[in-house]
Amino acid sequence: MKTTKKPLAAVLAALLTLSLAGCGKDGGLDIPAGQTVSEDFQRNTHQSVSPVIDTMCETEAGIYFMGPHSRAYYLDKAAKRAVILCGKPECDHQDDTCGADLGAYAMWFYENRLYFTNADYVHEDGVMENGGYVNYGERVYSVGPDGTGRRVEQDLEFVPSGDKVNAASPILHRGVVYFSYNGDLYALPLGGDIEDAEKLWSQELPEVETDGHGIPVVGARSLSYDLWADGDTLYFMTALEQSDGTWRDTLFACDLNTREISEVWRTPDAAEAGTWDTAGAAPTQWYILDGVLYFYLSGNGLWRTDLASGETVKLADTSQIAPHGTAVFSDDFLCVLNDVPESHELFSYSDFTDHAGGDTLTVYGLDGTLKAELSLKSLYEKFDPLNHIQLICCTGDDIYFLVDATGRGTLGGSAQMGDVMGSEMKYVRQYILYSVSISTGKLTEIEAWKW
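For reference, each letter of the sequence shown is one residue, going 71 to 521 in our numbering.
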C-alpha cells in the first residue's frame, strides 16, 4: 500500500526520455474544461503497486498522474490518450521551467483545480544562501486543469525540514487535508494556515537505528501512516510492536464528527487466515468501502471484515490461480495479477518492485464472485523482453497497468545506463502504458506514451 513518494520512482524516472504527442509544441493541450469529481477521498487511485506511476487522481473524464522526469500527465479515458501537462508553446519539457514539472507525491482534483504536494527547494531572487534556493518544506500547491496558474495553497510542516521519513502521503477528503508531522496526525481545511491545524492523534516516534553517518540502517523501522477516508470516518494504518516483539499493521478509525479514535482491526496471523507471502506483517492490499474492510493476502485470498461488528470472512481463495501476486481494488472489483517474487539475479533488468512477470489478471467482485480471467500473454509475444507488468489502478471497466519492457541497450543510446561489470549490464528503460477491459478483455496501448 502506498504511503510516501518512493525515492526509487524518481531515480527510474530520471533514466527515461519521452517524445509525447499532444504537448505544447504539438498544438496545445486538449483537456475538457469544467471537469468534476466527488469531494470524497479517491479510493481507487490510492492503489498503484508501480514505482514509476504511483501518484494520480481522477476526474470523470480523465486521470492526472505523475510520470517520468517528475512530469505530470493527463490521460483521456475515452480516447485512451495521454499528454504531458504543459501548455507552454515550444517547451522541450527538459528542465524545471516546464509547466508539467510538478514533482508531486500526492495529487487531488478539487473544485476545478489540480492540487499536489511538493517539498522541493524554491528559487527566489535576491536570496544569496544556497544559490538562491529556499527550503519551505512540504507544501500543497495547485494548478488549473491544464497545468497553468501555479500557486501555493498551504504548508504541511510546522518547521521545514525536507525530511519525509515520518510523513504519510496526505489525503484530501471533503475539503480537508489530513497529514502527519513528526508522528502526529493533523486535519486542516484546504488552504488553511498550518498554525490552525488540529491534532487528531499523537504517537511517540520510535528510535530508529542509524549508522555512523546518521542514515537509517537496513531494516530499521520508522513511524509511518497510510491514510484513508470513508464517509464520516478517517482511517489510518500503522505498524505496532506486539508483546512478542513482532510488528503487525493495525487499523484505527477516527469519527470525524466526535473525533473519537478506536482500534478496529489488526493484520491476522497464520492461525486465523493461513499462510501468505507476507504473513505476520501486512496485507498485500486493502480497501475500505461503506464501513467494510476488504483485504487481499497474496497467495491466500480475498477477505472481508465488517469494521462495526469485527466479523471477518474469506470471500475467495486465490492460492491456486495466483500462488503469489499483486492486486488493485476498485469500488466493484479486486483485480489480481499472478506475478511472482523477484529473484534479484545479478543481471536482472527488473526495477526492484519485488515482483516480476505476470500474464493473467483474475477479477473478482467484492462479494467474492469470479468476474473475469484476462490473458496478457500476447504482450509477452509483442515485447522481448517483458520483465514485469505493474498494476496502476482500476476504474469503471478498465484496469490500467504498466509494461516494463526494459532490455539490453547499445552504446550511445540516450536512455542507456552505464557499462557495469560488462556488456550484460547495459540496458534501456522502456515502459508502455496499457489498459484492459474487464468485460471484453480488449488490450489497448495508451496513445502518446512513447520513449
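In this text, a Cβ means the ideal position worked out from N, Cα and C, and glycines have one as well.
In this text, all values refer to a predicted model and were calculated from it rather than measured experimentally.
### Query
Whose C-alpha, out of 444, 473, 306, is nearest the C-alpha of residue 452?
Taking the first residue of the sequence shown as 1, we reach residue 452 at position 382. Per the Cα distances, 473.
### Reference residue 467; option with closest CA among 401, 178, 163
The sequence position of residue 467 within the sequence shown is 397, counting from 1. That would be 401, whose Cα lies nearest to the Cα of residue 467.
#### Entry: Check whether residue 122 and residue 501 have beta carbons under 7 Å apart
Along the sequence shown, one-based indexing puts residue 122 at 52. Along the sequence shown, one-based indexing puts residue 501 at 431. With respect to residue 501, residue 122 sits close: the two C-beta atoms are nearer than 7 Å.
### Message
At 3 residues or longer, what runs of the beta strand (DSSP E) sit wholly inside the region 130-209?
### Response
Taken in chain order, the complete beta strand (DSSP E) segments of 3 residues or longer contained in the region 130-209 are 132-136, 142-146, 151-154, 177-180, 183-188.
### Task
Have a look at the DSSP bridge pairing and note the partners of residue 470.
In the sequence shown, residue 470 corresponds to position 400, counting from 1. Per DSSP, the beta-bridge partners of residue 470 are 463, 505.
### Task
Taking residue 461 and residue 239 to be in contact with their CB atoms under 8 Å, please state how far apart those CB atoms are, rounded to whole angstroms.
Taking the first residue of the sequence shown as 1, we reach residue 461 at position 391. Taking the first residue of the sequence shown as 1, we reach residue 239 at position 169. Going by Cβ atoms, the distance from residue 461 to residue 239 rounds to 18 Å, so no, they are not a contact pair.
### Task
Quick one: give me the first and last residue of the beta strand (DSSP E) that residue 512 is part of.
Counting from one through the sequence shown, the residue named residue 512 turns up at place 442. Per DSSP, residue 512 belongs to no beta strand (DSSP E) and is neither H nor E.
### Query
Among 197, 159, 244, 231, which residue has its Cα nearest to the Cα of residue 108?
As a position in the sequence shown, residue 108 is number 38, starting the count at 1. If we check each option's Cα against that of residue 108, 244 comes out closest.
### Message
Considering Cα atoms alone, identify which of 386, 203, 517, 352 is closest to residue 336.
### Response
If you number the sequence shown from 1, residue 336 lands on position 266. Measuring from the Cα of residue 336, the nearest candidate turns out to be 352.
### Nearest to residue 254 (by Cα), restricted to the options 116, 262, 267, 215
Counted from its first residue, the sequence shown places residue 254 at position 184. For the residues 116, 262, 267, 215, the minimum Cα distance to residue 254 belongs to 267.
### Query
When DSSP labels each residue in this structure, what does residue 231 get in the three-state scheme?
Working through the sequence shown from its first residue, we reach residue 231 at position 161. Correct three-state label for residue 231: coil.
### Message
Could you compute how far the alpha carbon of residue 483 sits from the alpha carbon of residue 432?
### Response
Mapped onto the sequence shown, residue 483 falls at position 413. Mapped onto the sequence shown, residue 432 falls at position 362. In this prediction, residue 483 scores a pLDDT of 42, lower than 50, which makes its location untrustworthy; the coordinate-derived value is nonetheless stated afterwards. The alpha-carbon atoms of residue 483 and residue 432 are separated by roughly 38 Å.
### Message
Taking the straight line between their C-alpha atoms, what separation do you get for residue 270 and residue 499?
### Response
Position 200 of the sequence shown, counting from 1, holds the residue named residue 270. Position 429 of the sequence shown, counting from 1, holds the residue named residue 499. A straight-line Cα-Cα distance of about 43 Å links residue 270 and residue 499.
### Query
Quick one: is residue 411 buried, meaning 16 or more other Cβ sit within 10 Å of its Cβ, or exposed?
Residue mapping note: residue 411 aligns to position 341 of the sequence shown, counting from 1. Residue 411 should be labelled exposed.
### Query
Under the DSSP definition of a beta bridge, which residues are partnered with residue 314?
Taking the first residue of the sequence shown as 1, we reach residue 314 at position 244. Answer by DSSP bridge pairing: none, since residue 314 is not bridged.
### Task
With DSSP as the reference, label residue 254 as helix, strand or coil.
Along the sequence shown, read from residue 1 onward, the residue named residue 254 stands at position 184. Residue 254 falls in the strand class under three-state DSSP.
### Task
Kindly indicate which three-state DSSP category residue 387 falls into: helix, strand or coil?
As a working mapping, residue 387 is identified with position 317 in the sequence shown. Of the three classes helix, strand and coil, the one that applies to residue 387 here is strand, per DSSP.
#### Entry: For residue 349 and residue 340, the rounded distance between their alpha carbons
Along the sequence shown, one-based indexing puts residue 340 at 270. Along the sequence shown, one-based indexing puts residue 349 at 279. Taking the straight line joining both Cα atoms gives about 7 Å.
### Task
Could you tell me the distance, in whole angstroms, from the CA atom of residue 103 to the CA atom of residue 215?
As a position in the sequence shown, residue 103 is number 33, starting the count at 1. As a position in the sequence shown, residue 215 is number 145, starting the count at 1. So the alpha carbons of these two residues sit roughly 7 Å apart.
### Query
Nearest to residue 374 by alpha carbon, out of 385, 367, 368?
In the sequence shown, residue 374 corresponds to position 304, counting from 1. Residue 385 is the option with its Cα nearest to residue 374.
### Query
With DSSP run on the structure shown, which of helix, strand or coil describes residue 449?
If you number the sequence shown from 1, residue 449 lands on position 379. Reduced to three states, the DSSP call for residue 449 is helix.
### Query
Is residue 147 closer than 7 Å to residue 132 when the C-beta atoms are compared?
Here residue 132 corresponds to residue number 62 of the sequence shown, with the count starting at 1. Here residue 147 corresponds to residue number 77 of the sequence shown, with the count starting at 1. Cβ distance < 7 Å, so residue 132 and residue 147 count as in contact.
### Query
Under a Cβ-count criterion, where at least 16 other Cβ atoms within 10 Å of its own Cβ denotes burial, should residue 440 be classed as buried or exposed?
Taking the sequence shown and counting its residues from 1, the one referred to as residue 440 is at position 370. By the Cβ neighbour-count rule, residue 440 is exposed, with fewer than 16 other Cβ atoms within 10 Å of its own.
### Query
So, residue 475 versus residue 444, is the Cβ gap smaller than 7 Å?
Indexing the sequence shown from 1 puts residue 475 at position 405. Indexing the sequence shown from 1 puts residue 444 at position 374. For residue 475 and residue 444, no; Cβs fall outside 7 Å.
### Query
So, residue 347 versus residue 369, is the Cβ gap smaller than 7 Å?
Translated into the one-based positions of the sequence shown, residue 347 becomes position 277. Translated into the one-based positions of the sequence shown, residue 369 becomes position 299. Yes; because the gap between Cβ atoms is below 7 Å, this pair is in contact.
### Query
What do you get for residue 111, buried or exposed, if any count of 16 or more other CB atoms within 10 angstroms of its CB means buried?
On the sequence shown, residue 111 is found 41 positions in, with the first residue counted as 1. With a 10 Å radius around the Cβ and a threshold of 16 neighbouring Cβ atoms, residue 111 comes out buried.
### Query
What separation, rounded to the nearest whole angstrom, lies between the Cα atoms of residue 394 and residue 318?
Working through the sequence shown from its first residue, we reach residue 394 at position 324. Working through the sequence shown from its first residue, we reach residue 318 at position 248. For the pair residue 394 and residue 318, the Cα-to-Cα distance works out to about 20 Å.
### Message
For residue 492, which residues in the same chain have their Cβ closer than 6 Å to its Cβ, ignoring the five residues on either side in sequence?
### Response
Looking up residue 492 in the sequence shown gives position 422. Model confidence at residue 492 stands at a pLDDT of 47, short of 50, so the residue's coordinates are unreliable; what they give is reported in the following sentence. Excluding sequence positions up to five before and after residue 492, its CB lies less than 6 Å from no other CB in the same chain.
### Query
residue 398 and residue 463: beta carbons closer than 7 Å?
Walking along the sequence shown from the start, residue 398 turns up at place 328. Walking along the sequence shown from the start, residue 463 turns up at place 393. In this structure, residue 398 sits near residue 463, with a CB-CB distance shorter than 7 Å.
### Query
residue 224 and residue 246 look like a contact to me (Cβ under 8 Å); what is the Cβ gap, rounded to whole Å?
Mapped onto the sequence shown, residue 224 falls at position 154. Mapped onto the sequence shown, residue 246 falls at position 176. Going by Cβ atoms, the distance from residue 224 to residue 246 rounds to 11 Å, so no, they are not a contact pair.
### Task
With DSSP as the reference, label residue 223 as helix, strand or coil.
Along the sequence shown, read from residue 1 onward, the residue named residue 223 stands at position 153. Correct three-state label for residue 223: strand.
### Query
Taking C-alpha atoms, which residue in 241, 321, 251, 145 lies nearest to residue 186?
Looking up residue 186 in the sequence shown gives position 116. That would be 241, whose Cα lies nearest to the Cα of residue 186.
### Query
Mind checking whether residue 307 and residue 314 have CB atoms under 7 Å apart?
If you number the sequence shown from 1, residue 307 lands on position 237. If you number the sequence shown from 1, residue 314 lands on position 244. No, these two residues do not count as a Cβ contact at 7 Å.
### Query
Hey, residue 359 and residue 300 are a contact pair by Cβ (cut 8 Å); roughly how many whole angstroms apart?
To locate residue 359, count along the sequence shown from 1; it is residue 289. To locate residue 300, count along the sequence shown from 1; it is residue 230. The Cβ separation is near 7 Å, so the contact holds.
### Query
Ordered along the chain, which non-local residues of its own chain (more than five positions away) have a Cβ less than 6 Å from that of residue 311?
The residue labelled residue 311 in the question sits at position 241 within the sequence shown. If we look at residue 311 and ignore the five residues flanking it on each side, its Cβ neighbours are 317.
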